[in-house]
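In what follows, a single structure is set out as C-alpha cells and then discussed.
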Amino acid sequence: MLRQLFAGFQILHAVLLVVGAIGLFVFWMRTRFWLPKYAHILAAIALLVGVWCVSITPKDAPINKAGMIGKALFALAVPAMVYFFFVFYGGQRAAFRRKPKTANEIADLIDRFLNGTSLYPQEWNDFVDCGHPDKMLDAYRKRCDLLDPLVNCPDPQNQKALEELKNMVHELRRLSTPV
Numbered sequence: 771m772l773r774q775l776f777a778g779f780q781i782l783h784a785v786l787l788v789v790g791a792i793g794l795f796v797f798w799m800r801t802r803f804w805l806p807k808y809a810h811i812l813a814a815i816a817l818l819v820g821v822w823c824v825s826i827t828p829k830d831a832p833i834n835k836a837g838m839i840g841k842a843l844f845a846l847a848v849p850a851m852v853y854f855f856f857v858f859y860g861g862q863r864a865a866f867r868r869k870p871k872t873a874n875e876i877a878d879l880i881d882r883f884l885n886g887t888s889l890y891p892q893e894w895n896d897f898v899d900c901g902h903p904d905k906m907l908d909a910y911r912k913r914c915d916l917l918d919p920l921v922n923c924p925d926p927q928n929q930k931a932l933e934e935l936k937n938m939v940h941e942l943r944r945l946s947t948p949v
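Note that the working numbering numbers the sequence shown so that position 151 is 921, with each residue one more than the last.
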C-alpha cells in the first residue's frame, strides 16, 4: 500500500515536471528564445564552478555514490540555477527593456501609458528616466519627462499634456514608417 502511494507521488512528480517544462518552452517561444549574452556567460562560469566542485569532492562524499550521472547532474544544476533565477526573477524582462527602443516601440509605450495597459507597473517611469542613445528619440523622451508630472498623477490629468502625448505617438509612428 505504502509502496503504491510513493509510486503515485513519483508519477505526479514526473507529470508536474513535464508540465513545467512545457510551460517554460511556451514562455521561451513567446520571447523567441531570447536571452542576453551575459546570461549565457554567467551560466558558462557556473558550469565551470559546478565541474570544479565535482572534481574536488573527497572519495567518501555522498555524490560519489551516485556515479557519473549524479556528478554530471550536479555540475549541470549550477548553471540551471543561473538560468532559473535569471528567467523567474525578471532578468530577461529587465535586460529586454534596457535595449534602445525604436520610434515605433516608443510610440507603443506612450500609447500603452495613455490607455493604462503598460507591460509592467514602472514601464513609463523607466522610459522617462533613462536616456536614449539616439538624440532625436531622446528629445521625445525628454518631452515626455517634462509632461510626466502633468499626466502621471491621479485625476485630473492635464488635457493639453495628454493631447501632446497623443500627437507624439502620431509623430513617432510617422518616423518609423518608410516614406
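Each residue gets a CB set at the ideal place from its N, CA and C atoms; glycine is no exception. Note that this is a predicted model, so its numbers are computed, not measured.
Inset, instruction - Can you have a look at Val-949 and say buried or exposed, based on whether 16 or more other CB atoms are within 10 angstroms of its CB? - result: Annotation note: pLDDT 49 at Val-949 (below 50); position unreliable, no value reported.
Legend entry - Ranges of the beta strand (DSSP E) found wholly within the stretch 846 to 907, counting only runs of at least 3: none
Legend entry - Cα-Cα separation between Arg-773 and Leu-782, rounded to whole angstroms: 14 Å
Inset, instruction - Please check the pair Tyr-749 and Ala-813, which I expect to be a contact at CB under 8 Å, by giving their CB distance rounded to whole angstroms. - result: Past the edges of the chain, shown from 771 to 949, lies residue 749, and the structure says nothing about it.
Legend entry - CA nearest to the CA of Ala-842, picked from Leu-818, Phe-855 and Pro-828: Leu-818
Legend entry - Burial state of Tyr-910 (16 or more Cβ within 10 Å): buried
Legend entry - Inter-stretch contact at 8 Å, needing at least 3 Cβ pairs: the stretch 894 to 908 / the stretch 870 to 879: yes
Legend entry - Coil, strand or helix - Gln-962 by DSSP: This structure cannot settle anything about residue 962, because the visible part of the chain is limited to 771 through 949.
Legend entry - Chain-order list of residues whose beta-carbon lies under 7 Å from that of Leu-775 (same chain, five-residue window excluded): none
Inset, instruction - Could you tell me whether the Cβ atoms of Ala-816 and Val-848 are closer together than 7 Å? - result: yes
Inset, instruction - Tell me whether Leu-916 is buried or exposed, calling it buried when 16 or more other Cβ atoms sit within 10 Å of its Cβ. - result: exposed
Inset, instruction - Specify, as a first and last residue, the run of the alpha helix (DSSP H) that Lys-807 falls within. - result: 807 to 825
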